[in-house]
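Written out below as structure tokens is the structure these notes cover.
Numbering (the working numbering), first residue to last: -13 to 207.
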């Protein structure tokens, strides 16, 4: 589906950001914060619209080495697995019990899982609950056109950018080192955890972000 290509989603994010700024009567956002693919899109938007954000924080963003076919094996595998995801349960309690036992969720902070159950599901027919984001849509994002150039975006990025690399994440350290080196005001910091570290340890991630926004409060942790 063309509507779920990465370039299309970056355009959509920019339109939403512009609308929010207009509705609020604000000149720019104090912070643009994105995790995983959200971090990738935030980078592109910040590079294209340097007046949108005062600074950005990117938590283990999806960044591939230059000159590789990012739409090949891994994207196809993720799309295939995602299409098989269970989407409906008899209750939120049943959904929580089911998801808590899955590898993707087993390291999550309990509060993060509660929020996912509360906000990621919606009421459906017959008193059941279902995923708000259909597996087919998520699969199209994984397997859709990867038509954004994150390395060119890093070259153009003018705002300060903090990149948090999850130490047990999915991307080699050298990829982030090279990518952040392209940025005019980029800084790379390792954070202990997996790719889903915001859900594993949200308090620690939040503190790192707050310290970056308020350097005077940084105690060197």
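Beta carbons: idealized from backbone N, C-alpha and C, even for Gly.
Item	Value
The segment 33 to 51 contacting the segment 160 to 176, beta-carbon criterion three pairs below 8 Å	yes
Residue 127 classed as buried or exposed, judged by whether at least 16 other C-beta atoms fall within 10 angstroms	buried
Rounded separation between residue 122 and residue 68 - CA only	7 Å
Beta strand (DSSP E) runs contained entirely in the segment 57 to 119, provided each spans 3 or more residues	107 to 109, 115 to 117
Straight-line gap, residue 92 to residue 81 (C-alpha atoms, nearest Å)	14 Å
Straight-line gap, residue 136 to residue 28 (C-alpha atoms, nearest Å)	10 Å
N-terminal and C-terminal residue of the alpha helix (DSSP H) that residue 151 is part of	Not the alpha helix (DSSP H): residue 151 falls in the beta strand (DSSP E), residues 147 to 154.
Reduced DSSP category for residue 179 - H, G, I as helix; E, B as strand; rest coil	strand
Per-residue DSSP class, three states only, for residue 19	strand
Rounded separation between residue 59 and residue 129 - CA only	For residue 59, the predicted structure reports a pLDDT of 46, less than 50, and the residue's modelled location is therefore unreliable. A value from the coordinates is still provided. Residue 59 and residue 129: Cα-Cα distance of roughly 9 Å.
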